[in-house]
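Report on the following structure.
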Amino acid sequence: MTRGVCPFYEPGLEEALGREMAAGRLSFTAEASEALRDADVVFICVGTPARANGEANLVAMESSAREIARHAPDGVVVVEKSTVPAGTAERVGNTLARERNGFRFDVASNPEFLREGTALQDALQPDRIVIGVESERARDVLRRLYQALTDQGYRLIETDIATAELAKHASNAFLAMKISFANALARICERAGADVTSVAEVMGTDPRIDRAFLNAGLGYGGYCFPKDLTALGRMAARLGYEFTLLKEIERLNDEAIDAAAAKVEDALWNLEDKRVAILGLAFKPGTDDVRFSPALALAQRLLTAGARVVGFDPQASANAKQDLPELEVASDPYEAATGAHCLVLATEWEEFRHLDLAALKQVMAYPVIVDGRNAFDPAEVAAAGFAYYPTGRPPVLQDRSTVVLPDLDEALLAGPDGPR
Ligand code: UGA
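Numbering (our numbering), first residue to last: 585 to 1004.
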């Protein structure tokens, strides 16, 4: 970072880093004392990973508070940016007070709602800015900090601290719920012969529902939804409330992987010695992040069942290989598909929508596509001669659906008892 090199893929970020560093507005240091010495505001942006029991691990929050108490000047405003359970700011405040006698500080919460892959845009053109503040100083400092955005009309919502903390967890859990709802609908659509994408379109025209996050597929992954859902559940339980809906959201998310694996098995019968190509390994397009990636969960499942799995991702292949060494990685989609008995589209990078289907078919051992993100056009895939298993939409089964209709006249002549 000190050299302006971004250690992960995020569109536009490296250019922005370079720009701001060259202008002298941004610098990095590994010394807490140097960063904190003259600070008016300190944002704590550390990771809050899940403990084995699902609770958020807040060790880094506590050690940050200690460093702040050691090095920051009196009057500093300490802002939680990390996603934390409600009540964490109080703990941070207690630590700050305990670690330094007479320390004058204010604590605030300012949850972040940006998404990986569109981080810059989300941060600079936010849907809302939330500040949880309980003192005039914190309110004043954060209002001034965001004034450039509020002057442009971006909305700033002020709440108490616990509300701001909880609003972040609630937002992520609700979005995950929408996805799981769509995935449950996909299971029903598959049985009823309906099309989940059209059901979502219809639902989405109602502004009370909205179309966003109703895409059925392999389910949600990434470093936020899975961990935040369990952390919220654990926090609720600690407070004496069993938020059982959250468990069901997780179960439906796991079921989405099961459903895709079942389609591969249905298409290929035994998986032993079959080669499966997986297109897209990142947890979503636009990132090289493979943490809790549904694509890798599916790859693991297929590997365990005895298949050979070859993956390709425009950005995440190296990270995927590191996480799942048994996975073979290819340098382009066609190489991944070569000799494959089935191709699974697991992450809907835009470039996969424009693949040359005829070329794919030519290199594959069997012409079978399982579309875990409904990225392909069913008519095009069918016309190219593939057996096509989308998610929550009617499949196209080239071999088995070729129903040979009896000649009508002959059938009529034959009567109900068959040929005479
Ligand atoms: C998520 C939230 O969207 C952000 O608002 C939040 O700030 C962030 O977590 C965080 O807590 O830091 P992110 O994890 O980057 O952002 O990714 P999303 O775009 O929300 O996607 C999450 C997962 O849901 C992906 O695996 C994606 O493929 C999946 N998804 C999304 C679906 O399966 N269906 C959909 O309709 C939408």
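Every residue, glycine too, gets a C-beta built ideally from N, C-alpha and C.
Everything numeric in this text was worked out from a predicted model, so none of it was measured.
Inter-segment contact for the segment 734–746 and the segment 896–911 is absent: fewer than three beta-carbon pairs are separated by less than 8 Å. Around ALA971, the same chain offers ALA851, PRO951, VAL952, VAL980, LEU981, GLN982 and ASP983 as residues with beta carbons nearer than 7 Å, after the five sequence neighbours per side are excluded. Within 7 Å of the C-beta of ASN756 there is at least one heavy atom belonging to the ligand UGA. ALA636 sits exposed, since fewer than 16 C-beta atoms from the chains shown fall within 10 Å of its C-beta. For ALA634, the three-state secondary structure derived from DSSP is strand. By the Cβ neighbour-count rule, ASN678 is exposed, with fewer than 16 other Cβ atoms within 10 Å of its own.
Residue pairing by DSSP puts GLU912 in a beta bridge opposite VAL894. When the Cα atoms are used, ALA776 and ASN958 turn out to be separated by approximately 18 Å.
Remark: the C-beta of LEU759 is in contact range of the ligand UGA, defined as less than 7 Å to any heavy atom. For ARG699, the shortest C-beta to heavy atom distance toward the ligand UGA is below 7 Å. PHE689 has its CB no nearer than 7 Å to any heavy atom of the ligand UGA.
By alpha-carbon distance to TYR730, the top candidate from TYR593, PRO978, GLY596 and ASN694 is ASN694.
Here the segment 739–754 does not lie against the segment 770–785, with fewer than 3 beta-carbon pairs under 8 Å apart. The segment 853–865 makes no contact with the segment 782–794, as fewer than three CB pairs between them are under 8 Å. Not one heavy atom of the ligand UGA lies closer than 7 Å to the C-beta of PRO962.
From the listed residues ALA902, VAL589 and ALA606, the smallest Cα separation to GLU598 is found for VAL589. For ARG859, the enclosing beta strand (DSSP E) stretches over residues 859–863. Taking all protein chains shown into account, THR828 has fewer than 16 neighbouring C-beta atoms within 10 Å of its C-beta and is therefore exposed. At a Cβ-Cβ threshold of 8 Å, VAL691 and VAL714 do not count as neighbours. TYR973 is bridged by DSSP to VAL954. In the DSSP assignment, VAL625 forms a beta bridge with VAL661. A distance criterion of 7 Å places the beta-carbon of PHE797 in contact range of the ligand UGA, judged by its closest non-hydrogen atom. For GLY801, the CB falls within less than 7 Å of some heavy atom of the ligand UGA. Looking at the DSSP output, ASP690 shares a beta bridge with VAL661. Counting of Cβ neighbours within 10 angstroms places PHE689 among the buried residues, the total reaching 16 or more. A straight line joining the alpha-carbon of ALA757 with that of GLU832 spans about 12 Å.
Excluding its 5 nearest sequence neighbours in each direction, GLY803 has C-beta neighbours in its own chain below 7 Å: ILE763, ASN767, ASN837, ALA840, ILE841 and PRO878, listed in chain order.
Judged by beta-carbon spacing, HIS753 lies beyond the 8 Å limit of THR672, meaning their Cβ atoms are not closer than that value. Only residues of its own chain outside the window of five on either side were considered, and among them LEU855 and GLU856 have a CB closer than 6 Å to the CB of GLY890, listed in chain order. According to the DSSP assignment, GLY716 belongs to the beta strand (DSSP E) that extends over 713–716.
For GLY976, the shortest C-beta to heavy atom distance toward the ligand UGA is 7 Å or greater. In the assembly as shown, PRO974 is a buried residue. Its beta-carbon has 16 or more other beta-carbons within 10 Å. Distance from the Cα of THR632 is smallest, within the candidate group VAL626, LEU680 and LEU642, for LEU642. Looking at TYR593, PHE612 and LYS665, the one whose alpha-carbon comes closest to that of GLY716 is LYS665. The residues VAL913, in chain order, have a CB closer than 6 Å to that of SER901 in the same chain once the five nearest residues on each side in sequence are set aside.
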